[in-house]
Amino acid sequence: MLIECAVKHDVDPQRLFPEKDYPQRSPFSRDGDRIIHASAFRRLIGKTQVFIKPQSDHVRNRLTHTIEVSRASRQIATMLGLNPELAEAIALVHDMGHPPYGHIGENILDKILSDSGGFNHNVQALRVVTHLENPYPDFIGLNLSWYCLEGIIKHNGPFKTDVPSYVQEYNSKHDLLLNTYPSCEAQIASLADDIAYNCHDLQDGLRANLFSLNEISSIPLVEFYRNKISAAHPDISETHLSLSIIRKIFDYFVTDLNHTSKQALDRAELKSLEEVRNFQRGIISFSDEAKAHLKSIKSFLWINMYEKQVDMSKEDNPENVIMSVFKYFMTKTDVLPDSWQKRINEGQEEKIRIICDYIAGMTEKFIYKTYKEKAQ
């Protein structure tokens, strides 16, 4: 049974283009199915989570990360009496705006588009599902529910100022209440993302030998669980010890988020979704202790993983690859697929934006192949 401030299964989905209801499926189950069947979702398997040109098939990509976030979101929502299908759908779509080469690629596209509104992966996710995906004859985009779209664009909370131009454009025809907090389900998906990528980046970094178990033991929560697990299993192998530590940390954050949020919901006595939106802060949150632990993990990863220089030649550098492919497409638009050429020829959007949309949708294998064969 869902609590009072949850988004109910039978709510009006408020899709931009009205559609016939299917009583046997909730609006958010349909959202999830549409996302999973989207071509942009499938391409997530060819985009890195952290590593560029990963040397192991076992490190995560955007698709495996997305699946992990969606499972955690569904679990947390269920524990709190919130809508698990909505939380899962928002989690499934949350990374669909990421370009090749992760945040490095995002920064490069943002630089290219600096005079045309910039590039942000959350805004791009909205563009993907409302404008770029086009599998249906009756409307453009996936026509997701209002609640799912709200969760995409408010991944980091309400907009107070500096609303991106595409968000303004879309919001003018489908008001997403940008200055309010999103649903509890959307807040869960956002924080489940934090849990998943911090825990699993530790695991992938260990596997890639970027750091050792001894080095990550400088993180207080890692040291705590290392000592606890080692005491219970004195003969445990280092591999099993590492995996057990990551699982314990993941469970710690999920349990803390559930416990802290349940207490906050009980205290606030929110009776409706409107009260969630107008609450003075996000109601779903970690405890102060968990926030401190999360901060220590993020700090370690920033220094020991994200800031480390990628060992590749200048010609294979992501900036060189993306910039070369961008310049190639700017001068040879006739090599783009027909549907993309049509967008450019109709002149409805800036050519530079259309080409960056196309590049953002490319997998790393495809953009590198294009670079080597045509743009180098």
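Residue numbering for the sequence shown is 0 to 375, as defined by numbering that gives the first Met the number 0.
Idealized CB from N, CA, C, for every residue including glycine.
If the five residues before and after L176 are omitted, its C-beta is found closer than 8 Å to the C-beta atoms of E149, R276, all from its own chain and listed in chain order.
Considering only P22, K19, L15, P26, the residue with the shortest C-alpha distance to V6 is P26. In terms of Cα proximity to D250, the closest of A88, A289, P17, A37 is A289.
Here N60 is bridged, per DSSP, to T47. The residue among P317, C198, T179, A195 with its C-alpha nearest the C-alpha of R280 is T179.
Here S241 has Q202, L205, L212 as same chain residues with Cβ atoms under 8 Å from its own Cβ, once five neighbours each way along the sequence are excluded.
For the set P317, I103, E132, V10, the Cα lying nearest the Cα of I35 is the one of E132.
The distance from the Cβ of I245 to that of I235 is about 14 Å, inconsistent with a contact at the 8 Å cut-off. Under the three-state reduction of DSSP output, Q186 falls in the helix class. Classified as exposed, H239 has fewer than 16 neighbouring CB atoms from the shown chains inside 10 Å of its CB. Classified as buried, N121 has 16 or more neighbouring CB atoms from the shown chains inside 10 Å of its CB. The Cβ atoms of F299 and I194 lie no closer than 8 Å to each other. Secondary structure of E132 (DSSP, three-state): coil. Secondary structure at K19: coil, using DSSP grouped into helix, strand and coil. S260 counts as buried, since no fewer than 16 other beta carbons sit within 10 angstroms of its beta carbon. CA-CA distance, I282 to L264, rounds to 7 Å. Between the stretch 336 to 350 and the stretch 82 to 97, the count of C-beta pairs closer than 8 Å stays below three; the two stretches do not touch. Classified as buried, T47 has 16 or more neighbouring CB atoms from the shown chains inside 10 Å of its CB. Under the DSSP assignment, L177 falls outside any alpha helix (DSSP H); it carries neither an H nor an E label. If you check the CB distance, K159 and A185 do not come in under 8 Å. Where G31 is concerned, the enclosing alpha helix (DSSP H) starts and stops at 26 to 35. The Cβ atoms of L143 and V128 sit closer than 8 Å to each other. In the three-state scheme derived from DSSP, where H, G and I count as helix and E and B as strand, S271 is classed as coil.
Cβ neighbours of P157 within its own chain (closer than 7 Å, five residues either side excluded): L177, N178, T179, Y180. Pairing C183 with D30 gives a Cβ-Cβ distance that is not under 8 Å. For L112 and R59, the gap between their C-alpha atoms comes out near 29 Å.
Within the stretch 85 to 160, the complete alpha helix (DSSP H) segments of 4 residues or longer fall at 101 to 111, 120 to 126, 145 to 152, listed in chain order.
If only uninterrupted alpha helix (DSSP H) runs of at least 4 residues are considered, those enclosed by the stretch 303 to 343 are 317 to 330. Non-local C-beta neighbours of R42 in its own chain, meaning closer than 7 Å and more than five positions away in sequence, comprise G360, T362, ordered along the chain. Around the C-beta of T330, fewer than 16 other C-beta atoms lie within 10 Å, and the residue is accordingly described as exposed. Taken atom to atom, the span from the alpha-carbon of L79 to that of K368 is near 46 Å.
Out of H64, Y135, K350, S284, the CA that lies nearest to the CA of R33 is found in Y135.
Secondary structure of S298 (DSSP, three-state): helix.
Taking the Cα of Y196 as reference, the smallest distance to any Cα among I321, L293, E348 is reached at L293. Between the C-alpha atoms of L141 and D20 there is a straight-line separation of about 15 Å.
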